[in-house]
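Notes for the one structure printed next.
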Ligand SMILES: NC(=O)c1ccc[n+]([C@@H]2O[C@H](COP(=O)([O-])OP(=O)(O)OC[C@H]3O[C@@H](n4cnc5c(N)ncnc54)[C@H](OP(=O)(O)O)[C@@H]3O)[C@@H](O)[C@H]2O)c1
């Protein structure tokens, strides 16, 4: 595989730090530039991050003395890299404009932000599920007037456990409706217990905008390309309630589901065990070997014990049983800043690189 020079925009933040950690020793992607707000620009990365380094592994040596660039200096940044990962905390319209500016500077953007998720020709990809949505990229390039540049996004972290769990059941059994309640870690808000002490010993029953994302983004992922846009699926019917809980990392979901043709418990477990997608077929560097793991123990998955399964890129499922209102209920878990953010972004970039979109 060709090697690529890579930049991280929003490099000093929680997701940006994950990108920096994941890119250390990556076989294809080499970190050559970092950018953040004007507050950080001109400082070394180490100075700019200061005491905000929130990873459990040390800051990689290669980035410590890199000078942080101003993210709005698009041409200067684009000159240094083949593509960028983007995870910034800015207003939606500003993020949309920033991402489009990088694309127009012929610098592809792999984004963790929500701003472009519903732009009709921007693919929102979970690589095991809808890798084929990358085929919309030529239509987007036509709109932007670019040869290389485009924006591809990954979906919200809240749905990275239950969408993969429901997906393998859809074709044969027809998922008609699902109710989910998520229990989301504080790193999903870019926070730690030090920076958000109110969360110690607490649950907050509101995460702004999260329920809409949790209900609507899956339908785009399950949608189809029609002409120059991706049209969202009309079903299944989804309803979500999202809670912030006192965990550092890892989003859990309690899921209820009904089917057109109700499968047996054994059939569901078999679909999960045998499910794989293009990342596994292409043997991408960040792909988990087994994407969906089912735990037979009654008290698993647990956030603290299971979030790092397969380097935080797998989904853990457990407690599958019949329900009185829906056909079945179960719980599932994914690591929100790994599979749910930076890790999912790196896997998406690997998929696009393997398919030639980053050449
Ligand atoms: N945390 C998660 O689990 C998660 C999961 C999925 C998606 N996301 C999304 O990823 C994005 C970043 O989240 P986060 O948790 O990493 O946030 P964060 O920790 O608050 O970091 C925000 C980053 O944005 C930069 N930034 C702020 N204002 C800027 C500006 N005007 N121009 C350029 N850069 C600016 C910051 O730079 P300075 O350090 O210079 O201020 C910092 O690098 C958000 O859109 C979030 O919704 C997060």
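Residue numbers (this note's numbering): 265 to 623. Don't be surprised by glycine CBs; every beta carbon is placed ideally from N, CA and C. Since we're looking at a predicted model, the values are computed, not measured.
**Own chain partners of residue 424 with C-beta closer than 8 Å, once the 5 adjacent residues on each side are dropped** = Taking the chain shown and counting its residues from 1, the one referred to as residue 424 is at position 160. For residue 424, where only same-chain residues beyond five positions count, the Cβ hits under 8 Å are 390, 515, 579, 598, 600, 603, 604 and 608.
**Request:** Inspect the beta-carbon positions of residue 590 and residue 443 and report whether they are closer than 8 Å.
**Result:** As a working note, residue 590 is residue 326 in the chain shown. As a working note, residue 443 is residue 179 in the chain shown. For residue 590 and residue 443, yes; Cβs fall inside 8 Å.
**Message:** I need the straight-line Cα distance from residue 245 to residue 503, nearest angstrom please.
**Reply:** The structure shown does not extend to residue 245, since the chain spans only 265 to 623, so no value can be given for it.
**Request:** Please say whether residue 323 and residue 271 have beta carbons closer to each other than 8 Å?
**Result:** For this step, residue 271 is matched to residue 7 along the chain shown. For this step, residue 323 is matched to residue 59 along the chain shown. In this structure, residue 323 does not lie closer than 8 Å to residue 271 by Cβ.
**Message:** So, does the segment 425-433 touch the segment 386-402, judging by three or more C-beta pairs under 8 Å?
**Reply:** yes
**Asked** By Cβ distance, which residues of its chain are closer than 8 Å to residue 498, with the 5 residues on each side in sequence left out?
**Response** As a working note, residue 498 is residue 234 in the chain shown. If we look at residue 498 and ignore the five residues flanking it on each side, its Cβ neighbours are 483.
**Asked** Is residue 348 near residue 439, with beta carbons less than 8 Å apart?
**Response** Within the chain shown, the letter at position 84 stands for residue 348. Within the chain shown, the letter at position 175 stands for residue 439. Result no, Cβ atoms of residue 348 and residue 439 do not sit closer than 8 Å.
**Asked** With a Cβ-Cβ cutoff of 8 Å, do residue 302 and residue 353 count as a contact?
**Response** On the chain shown, residue 302 is found 38 positions in, with the first residue counted as 1. On the chain shown, residue 353 is found 89 positions in, with the first residue counted as 1. No, the Cβ-Cβ distance between residue 302 and residue 353 is not below 8 Å.
**Request:** Could you check what DSSP says for residue 334 in three-state terms: helix, strand or coil?
**Result:** Residue numbering aside, residue 334 sits at position 70 when the chain shown is read from its first letter. The answer is strand: DSSP assigns residue 334 an E or B state.
**Prompt:** How many angstroms separate the CA atom of residue 409 from the CA atom of residue 594?
**Reply:** Taking the chain shown and counting its residues from 1, the one referred to as residue 409 is at position 145. Taking the chain shown and counting its residues from 1, the one referred to as residue 594 is at position 330. Approximately 46 Å between the Cα atoms of the pair.
**Bounding residues of the beta strand (DSSP E) (the contiguous stretch that carries residue 447)** = The count along the chain shown starts at 1 and reaches residue 447 at position 183. Here the beta strand (DSSP E) through residue 447 covers 439-448.
**Asked** Is the closest heavy atom of ligand 1 to the C-beta of residue 512 under 7 Å?
**Response** Start at 1 with the first residue of the chain shown, and residue 512 comes out as number 248. No.
**Request:** Measure the Cβ-Cβ separation of residue 286 and residue 327 and say whether it is below 8 Å.
**Result:** Along the chain shown, read from residue 1 onward, the residue named residue 286 stands at position 22. Along the chain shown, read from residue 1 onward, the residue named residue 327 stands at position 63. Cβ distance not < 8 Å, so residue 286 and residue 327 don't count as in contact.
**Prompt:** In this structure, does DSSP put residue 608 in helix, strand or coil?
**Reply:** Numbered from 1 along the chain shown, position 344 holds the residue referred to as residue 608. Helix, per DSSP.
**Item:** Cα-Cα separation between residue 518 and residue 467, rounded to whole angstroms
**Value:** As a first step, residue 518 must be located in the chain shown, where it is residue number 254. As a first step, residue 467 must be located in the chain shown, where it is residue number 203. If you take the alpha carbons of residue 518 and residue 467, they lie about 16 Å apart.
**Request:** Counting only runs of 3+ residues fully inside the segment 298-359, write out the beta strand (DSSP E) ranges in chain order.
**Result:** 347-350
**Message:** So for residue 619, helix, strand or coil by DSSP?
**Reply:** Here residue 619 refers to the residue found at position 355 when the chain shown is read from its first residue. Correct three-state label for residue 619: coil.
**Prompt:** Which of the three DSSP states, helix, strand or coil, is assigned to residue 630?
**Reply:** The shown model of the chain, from 265 to 623, leaves out residue 630, and the question about it has no answer.
**Asked** Should residue 276 go down as buried or exposed, given a rule of 16 or more other Cβ atoms within 10 Å for buried?
**Response** The sequence position of residue 276 within the chain shown is 12, counting from 1. Buried, since its Cβ has 16 or more Cβ neighbours within 10 Å.
**Item:** residue 441 vs residue 522 beta-carbon contact at 8 Å
**Value:** Within the chain shown, numbered from 1, the residue matching residue 441 stands at position 177. Within the chain shown, numbered from 1, the residue matching residue 522 stands at position 258. Result yes, Cβ atoms of residue 441 and residue 522 sit closer than 8 Å.
**Request:** Have a look at residue 400 and residue 374 and give me their C-alpha separation to the nearest angstrom.
**Result:** Counting from 1 along the chain shown, the entry for residue 400 is found at position 136. Counting from 1 along the chain shown, the entry for residue 374 is found at position 110. C-alpha separation (whole angstroms): 15 Å.
**Prompt:** Rounded to whole angstroms, how far is the Cβ of residue 496 from the Cβ of residue 487, which I believe are closer than 8 Å?
**Reply:** For the purposes of this step, residue 496 is taken as residue 232 along the chain shown, with counting starting at 1. For the purposes of this step, residue 487 is taken as residue 223 along the chain shown, with counting starting at 1. At roughly 4 Å, the Cβ-Cβ gap stays under 8 Å, so residue 496 and residue 487 are in contact.
**Message:** For residue 397 and residue 417, what's the separation of their Cα atoms in angstroms?
**Reply:** To locate residue 397, count along the chain shown from 1; it is residue 133. To locate residue 417, count along the chain shown from 1; it is residue 153. So the two alpha carbons sit approximately 11 Å from each other.
**Terminal residues of the beta strand (DSSP E) in which residue 567 lies** = By 1-based counting over the chain shown, the position of residue 567 is 303. Unbroken run through residue 567 is the alpha helix (DSSP H), 567-570; no beta strand (DSSP E).
**Prompt:** Would you say residue 527 and residue 437 are within 8 Å of each other, going by their C-beta atoms?
**Reply:** Counting from 1 along the chain shown, the entry for residue 527 is found at position 263. Counting from 1 along the chain shown, the entry for residue 437 is found at position 173. In this structure, residue 437 lies closer than 8 Å to residue 527 by Cβ.
**Prompt:** Under the three-state reduction of DSSP, which class applies to residue 378: helix, strand or coil?
**Reply:** In the chain shown, counting from the first residue as 1, residue 378 sits at position 114. The answer is coil: DSSP assigns residue 378 none of H, G, I, E or B.
**Prompt:** What residues in its chain sit with their C-beta under 6 Å from that of residue 447, if we drop five residues either side in the sequence?
**Reply:** As a first step, residue 447 must be located in the chain shown, where it is residue number 183. Same-chain partners within the cutoff: 507, 509 and 516.
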